[in-house]
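When you line the sequence shown up against my numbering, it's residues 75 to 118, in that order. Structure, as structure tokens:
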Amino acid sequence: MSVPAYTADVERASVLKVSALDRNGSPIEIEAWPDFWPSPSSTR
Numbered sequence: 075m076s077v078p079a080y081t082a083d084v085e086r087a088s089v090l091k092v093s094a095l096d097r098n099g100s101p102i103e104i105e106a107w108p109d110f111w112p113s114p115s116s117t118r
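Next comes the structure, spelled out in structure tokens:
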């Protein structure tokens with residue numbers, strides 16, 4: 075969420091984990107660590 079003229083110090087997740095089913099119905103799990111996430115400056 076973006077609020078004009080307001081900033082806050084928020085805690086970020088250290089790991090992102092997603093569980094889902096593949097096309098065949100088999101469970102899969104994907105884990106992402108901050109080292110692999112793009113920095114805000116690299117997405118511009």
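Just so it is clear, CB atoms sit at the ideal spot from N, CA and C, and this is done for glycine as well. These numbers were taken from a predicted model, which means no experiment stands behind them.
DSSP places serine 93 in the uninterrupted beta strand (DSSP E) bounded by 90 to 95. In the structure shown, the three-state DSSP call for proline 78 is coil. The Cβ-Cβ distance between isoleucine 102 and aspartate 109 does not fall below 8 Å.
Looking at the backbone, the Cα of alanine 79 and that of leucine 90 are separated by about 29 Å.
Where proline 101 is concerned, the enclosing beta strand (DSSP E) starts and stops at 101 to 106.
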